[in-house]
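Here is the structure we will look at.
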Amino acid sequence: MEGSASPHRGERTSYTVIRTPMRLTNYFIPTLKEIPTDAQMPSHQLMMRAGMIRPLSAGIYSLLPLGYRVWKKVMAVIREEMDAIGGMEFHLPALNPIEIWEETGRVEAFGDTMFHLKNRDYVLAPTHEEIMTSIARASIKSYKDMPQIWYQIQTKFRNEPRPKSGVIRGRQFTMKDAYSLDATREGLDESYRKHHEAYCRIYARCGLTFFVVGASSGAMGGSGSEEFMVESDAGEDLCAFNLESGYAANIEVASSKLPALERGADNPAAEKFATPTAKSIDDLVAQHGIAEERCAKSLVYFADEKPYLIFMCGNDQLNEAKLQGALGAANVRPARDEELAGLTGADAGSIGPINLKSSLPQIADLRIAHANGMVSGANENGFHYRNIDLDRDANIGVYHDLRIVAEGEPDPLGGRPLSVKKAIEVGHIFKLGTKYSQAMKANFLDEKGEEHPIIMGSYGIGVERVVACHIEQRHDADGIVWHPSIAPFHVQITSLKIESDIVRDAAEALYAALEAAKVETLFDDRAGVSPGFKFKDADLLGMPLNVIVGEKHLKDGNVEIKVRSTGERRIVPQAEAVQVCLALLDSLRS
RNA sequence: CGGAGCGUAGCGCAGCCCGGUAGCGCACUACCUUGGGGUGGUAGGGGUCGCGGGUUCAAAUCCCGCCGCUCCGACCA
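In the working numbering, the protein residues as written are 42 to 631.
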């Protein structure tokens with residue numbers, strides 16, 4: 042080029058090829074031999090020990106290179122499946138003006154859970170319904186513009202009162218959230234169905250054993266919703282299900298087919314009796330020989346700051362989510378002790394339908410619908426009434442299913458016994474309807490030129506929960522057992538006594554061959570590290586295959602391939618190692 | 001936000017009750033050794049004892065306040 046004017050003056054005419062060497066001598070994987078005290082769950086302990094994450098503050102973690110590789114793989118699976126149902130990926134601001142959240146009333150709804158900036162009226166987005174809706178409002182004007190599926194995979198911020206379980210409940214986390222926009226209810230049903238199927242494929246591909254339960258829509262609003270759950274003792278949700286009938290529901294909405302009480306033919310007048318030391322249902326049963334189910338437990342709750350008297354059967358637990366739904370309230374809370382006396386005339390334990398100090402709207406559980414012969418408090422400390430006929434002596438407007446179901450109760454489909462298990466929510470899909478489009482006036486014109494709010498769905502996946510649940514389900518005493526789909530690397534090469542030229546040459550050749558075959562390989566090329574140490578690290582990191590290169594088998598021209606999940610070991614000729622790895626990985630994927 | 005516990009070297013911990021030289025294991029550095037399941041040895045480096053105040057001749061240790069982290073509970077779109 043000397044002497045001629047370069048057409049690319051000022052630009053680089055050559056560039057450096059950077060080939061990241063995935064060698065343990067260079068790669069940053071700070072493994073820990075000991076379990077950090079702060080980590081309780083296996084997934085948390087192993088992510089720390091395998092050098093995937095490090096804590097920065099409560100519920101806030103740095104992703105180290107090995108961990109981030111896994112995150113990116115989970116996100117890649119999600120992207121593929123979202124794109125396959127016609128989703129389009131967005132990148133949205135995490136920093137939001139507070140005004141947009143005021144449009145839907147969610148500044149109040151989120152309350153302290155939303156992070157607010159101190160020096161400007163911005164909030165850190167805990168989710169993105171408002172932002173997506175604002176984009177739709179500006180641009181989706183006709184039924185012809187829909188359906189749309191919009192999604193993003195980004196960091197969300199929630200001021201969790203109590204972060205816990207490692208990355209499972211953090212203050213900052215990665216979430217894929219998708220929003221569907223439809224012109225009709227049928228369109229929403231179809232968008233929802235597509236997401237349901239995509240989610241099943243995503244979790245299956247990530248190697249998770251999961252189940253789907255009917256769920257409450259909570260403060261998100263809307264009609265139908267389902268959660269994708271992974272069973273775990275560390276789970277924060279309870280699910281009731283029966284594997285035979287296929288019934289599965291979050292405890293918040295689960296129901297059972299427990300029969301209602303029968304009405305007795307004999308129906309004498311209600312009679313007051315002294316119960317000086319009976320403060321609970323159990324006391325009444327023990328001290329007065331009353332059948333537990335004949336007790337009408339009375340509770341006072343405030344729904345949107347309006348008091349209600351609630352009757353439950355015996356020791357049945359009130360399900361606050363159901364109460365909220367039955368009353369159509371935004372918030373419910375139990376009455377405080379000092380409020381009880383003012384409203385009823387008695388303290389907790391002596392409240393009932395007769396002689397109430399003030400008139401309260403009443404609501405009762407279906408199990409005691411129209412029952413008679415009941416015992417309940419007299420609204421006077423130390424006294425109860427027996428022979429109460431709820432139709433005659435109470436003023437119950439409506440009966441609703443208000444109970445929390447319990448293990449063993451008959452399921453609502455076939456009457457088979459329900460199991461109740463703890464589970465971690467890894468995804469949640471909602472038919473939002475028009476809650477946000479109405480509030481934000483995101484309207485479109487239909488074929489007739491009539492204006493309607495866009496019909497929306499909302500669909501979330503917690504990325505760190507997928508990773509954590511994967512480890513919860515796939516680990517043993519030695520470490521993680523990655524499924525090839527999201528393993529940070531497919532193969533780890535363990536070189537034993539790499540100081541020996543024979544081992545060094547064989548391991549280097551194998552590494553090059555695996556890389557050439559596009560097998561993601563982590564090469565333990567550390568010198569001066571004992572065999573046991575390398576084996577322990579390999580098991581801890583948990584790559585699906587471990588190729589062991591040592592003098593023992595090299596004498597015969599062989600290497601050893603160990604399958605992490607089964608412990609199976611194969612001695613194969615060096616020249617065949619790559620092909621065997623590919624075949625084994627293939628079989629592990631299915 | 002209620003209850004409990006913890007904060008001492010990168011990690012795991014002892015020392016604190018009973019005030020007086022800051023210690024152990026692992027990790028790290030150098031050398032030797034070993035070489036198929038966290039080798040063995042020798043010699044080293046590394047600490048505002050979470051922060052602030054108080055008591056005392058003297059505080060990791062006793063007292064007060066604050067902060068951080070973890071667990072149980074409340075809460076959890």
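Glycine residues also receive a C-beta, built at the ideal position from the N, C-alpha and C atoms.
- In this structure E505 is buried. Its beta-carbon is surrounded by 16 or more other beta-carbon atoms within 10 angstroms.
- As summarised for the region 163-235, the continuous alpha helix (DSSP H) elements at least 4 residues long and confined to that stretch are 170-180, given in chain order.
- C510 sits away from L555, with the two beta carbons spaced by 8 Å or more.
- Separation of V439 and V341 (C-alpha to C-alpha, rounded to the nearest whole angstrom) is 16 Å.
- In this structure, H469 keeps its C-beta atom at 8 Å or more from the C-beta atom of S206.
- Membership of S460 in the beta strand (DSSP E) is indicated by the continuous run 460-474.
- Around the beta carbon of Q620, fewer than 16 other beta carbons sit within 10 angstroms, so the residue counts as exposed.
- Counting C-beta atoms within 10 angstroms of its own C-beta, T318 has fewer than 16 neighbours from the protein chains shown and is therefore classed as exposed.
- If you draw a 10 Å sphere on the C-beta of S296, you find 16 or more other C-beta atoms in it, and that means buried.
- For T562, the enclosing beta strand (DSSP E) covers residues 562-565.
- Three or more beta-carbon pairs separated by less than 8 Å link the region 190-208 to the region 219-231, which places the two stretches in contact.
- Per DSSP, the continuous alpha helix (DSSP H) segment holding S84 begins and ends at 83-90.
- The beta carbons of E201 and G100 sit about 6 Å from each other, so the pair counts as a contact at 8 Å.
- Under the 10 Å beta carbon count, K347 is surrounded by fewer than 16 other beta carbons and is classified as exposed.
- In the structure shown, L302 adopts coil according to DSSP, grouped into three states.
- Residue pairing from DSSP places M353 in a beta bridge opposite K338.
- Nearest in C-alpha terms to R304, of all of A410, D517, V590, E272, is A410.
- The beta carbon of N372 sits closer than 7 Å to the beta carbons of D345 from its chain, once the five residues preceding and following it are set aside; these are given in chain order.
- Separation of the CB atoms of R199 and R212 is rounded to 6 Å, and the pair is thereby assigned contact status at 8 Å.
- A direct Cα-Cα distance of roughly 17 Å separates D153 from R161.
- In the three-state reduction of the DSSP assignment, K114 falls in the helix class, which pools H, G and I.
- By the Cβ rule, the region 131-143 does not count as touching the region 234-250, because fewer than three pairs are nearer than 8 Å.
- Counting along the chain, T535 sits inside the beta strand (DSSP E) bounded by residues 532-536.
- Of D406, D278, K575, R377, the smallest CA-CA separation from L431 is found for D406.
- Taking the Cα positions, G456 is about 8 Å away from E450.
- Cβ neighbours of H493 within its own chain (closer than 7 Å, five residues either side excluded): N484, F485, D487.
- Per DSSP, K313 is one residue of the beta strand (DSSP E) stretching across 312-315.
- The alpha-carbon of V326 is positioned some 6 Å away from that of A332.
- In the three-state scheme derived from DSSP, where H, G and I count as helix and E and B as strand, E285 is classed as coil.
- DSSP places Q365 in the uninterrupted alpha helix (DSSP H) bounded by 361-368.
- Three or more beta-carbon pairs separated by less than 8 Å are not found between the region 83-103 and the region 599-612, which leaves the two stretches without contact.
- Taking all protein chains shown into account, H425 has 16 or more neighbouring C-beta atoms within 10 Å of its C-beta and is therefore buried.
- Residue burial is scored here from C-beta neighbours: G414 has at least 16 other C-beta atoms within 10 angstroms and is therefore classed as buried.
- DSSP, reduced to helix, strand and coil, places V294 outside both helices and strands of the structure shown, so it counts as coil.
- Here F156 carries a strand assignment [DSSP, helix/strand/coil].
- By the Cβ-count criterion, E379 is exposed, with fewer than 16 other Cβ atoms from all chains shown falling within 10 Å of its own Cβ.
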